[in-house]
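Let me begin by presenting the structure, written as structure tokens, before commenting on it.
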Amino acid sequence: DSGVTQTPKHLITATGQRVTLRCSPRSGDLSVYWYQQSLDQGLQFLIQYYNGEERAKGNILERFSAQQFPDLHSELNLSSLELGDSALYFCASSARSGSSYNEQFFGPGTRLTVL
Amino acid sequence: AQSVTQLDSHVSVSEGTPVLLRCNYSSSYSPSLFWYVQHPNKGLQLLLKYTSAATLVKGINGFEAEFKKSETSFHLTKPSAHMSDAAEYFCVVSDDTGFQKLVFGTGTRLLVSP
Chain U
1 DSGVTQTPKH LITATGQRVT LRCSPRSGDL SVYWYQQSLD QGLQFLIQYY
51 NGEERAKGNI LERFSAQQFP DLHSELNLSS LELGDSALYF CASSARSGSS
101 YNEQFFGPGT RLTVL
Chain G
116 AQSVTQLDSH VSVSEGTPVL LRCNYSSSYS PSLFWYVQHP NKGLQLLLKY
166 TSAATLVKGI NGFEAEFKKS ETSFHLTKPS AHMSDAAEYF CVVSDDTGFQ
216 KLVFGTGTRL LVSP
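Protein sequences appear in the order of chains U and G. Quick note: the first sequence uses the working numbering, first residue 1, plus one each step. Quick note: the second sequence uses the working numbering, first residue 116, plus one each step.
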């Protein structure tokens, strides 16, 4: 158990809908990262937050947004969902930002299925 | 930009035989490299990491990897495979902007037969 929790574990929804994925980092970790794992794109970095502020963006669609709250939990919002958004979404956390040496601890993921 | 190439999409071994999962990296400077493992329907677990302290890195569950700058390689090895090692393995490089974005390889599925 990494100490990172994600809810829900599974999510099934329809095209055009909006969903929110939730992540709680390990106790004390200030950085939260979101990744998408799909069959065709593999594992891709989406976005990083550090202590409530956005720090880095990857291949995140404009339909997607995220935020990190004062209690350090984070939410990933996916809107106008398309079939291609079906994927496993991982959250990870680490202790510090700005260094390449810190480990990222991954949650169990949320499997999103868009029908 | 950093990238990693995992040379084999699938590797099959027999239980008790050595494991070799190959990874080459591309980086503009000395990178931070990781191996993560993903068991079916599970999250990602860090096996080991290289952060320039020592070229031979020992990880969990008997795995180790050697950083070879001249070959730009970071291959993962284990002397004796166990059935529980069957999983997907990802070679990962950390980006060079300091923001710790991880760049994943395409993964190698390790199959272990009795």
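Here a beta-carbon is modelled for each residue, glycine too, at the ideal position from N, C-alpha and C.
Q) Mind checking whether V32 of chain U and S74 of chain U have CB atoms under 8 Å apart? A) Here residue 32 of chain U is taken as the residue at index 32 of the first sequence, counted from 1. Here residue 74 of chain U is taken as the residue at index 74 of the first sequence, counted from 1. Closer than 8 Å, so yes.
**Q.** Simplified DSSP assignment, three categories, for L81 of chain U
**A.** The residue you call residue 81 of chain U lines up with position 81 of the first sequence. The answer is coil: DSSP assigns L81 of chain U none of H, G, I, E or B.
(Q) I want to see whether chain U comes within less than 8 Å of F205 of chain G, judged by CB atoms only; does it? (A) Locating residue 205 of chain G in the second sequence gives position 90, where the first residue counts as 1. Taking Cβ atoms only, chain U reaches closer than 8 Å to F205 of chain G, which makes this a yes.
**Q.** the region 182-196 of chain G contacting the region 51-69 of chain U, beta-carbon criterion three pairs below 8 Å
**A.** no
Q: Tell me the start and end of each unbroken beta strand (DSSP E) in the region 12-36 of chain U that is at least 3 residues and wholly inside, in chain order.
A: 19-24
Q.
K216 of chain G and Q48 of chain U - do their beta-carbons sit closer together than 8 Å?
A. The residue you call residue 48 of chain U lines up with position 48 of the first sequence. The residue you call residue 216 of chain G lines up with position 101 of the second sequence. For Q48 of chain U and K216 of chain G, yes; Cβs fall inside 8 Å.
Q) Is the beta carbon of Y140 of chain G sitting closer than 8 Å to the one on T187 of chain G? A) Counting from one through the second sequence, the residue named residue 140 of chain G turns up at place 25. Counting from one through the second sequence, the residue named residue 187 of chain G turns up at place 72. Yes, they are a contact pair.
Q: Report yes if the C-beta distance between Y117 of chain G and P146 of chain G is below 8 Å; otherwise report no.
A: Working through the second sequence from its first residue, we reach residue 117 of chain G at position 2. Working through the second sequence from its first residue, we reach residue 146 of chain G at position 31. It is worth fixing the name first, because residue 117 of chain G is Gln in this sequence and not Tyr. In contact: Q117 of chain G and P146 of chain G (Cβ atoms closer than 8 Å).
Q) Since G107 of chain U and A92 of chain U are thought to touch, with beta carbons under 8 Å apart, how far apart are those beta carbons, to the nearest angstrom? A) For the purposes of this step, residue 107 of chain U is taken as the residue at position 107 of the first sequence. For the purposes of this step, residue 92 of chain U is taken as the residue at position 92 of the first sequence. 7 Å between Cβ atoms; contact.
(Q) Distance cutoff 8 Å, beta carbons only. Does T221 of chain G sit that close to anything in chain U? (A) Here residue 221 of chain G corresponds to residue number 106 of the second sequence, with the count starting at 1. Closer than 8 Å to some Cβ of chain U, the Cβ of T221 of chain G qualifies, so yes.
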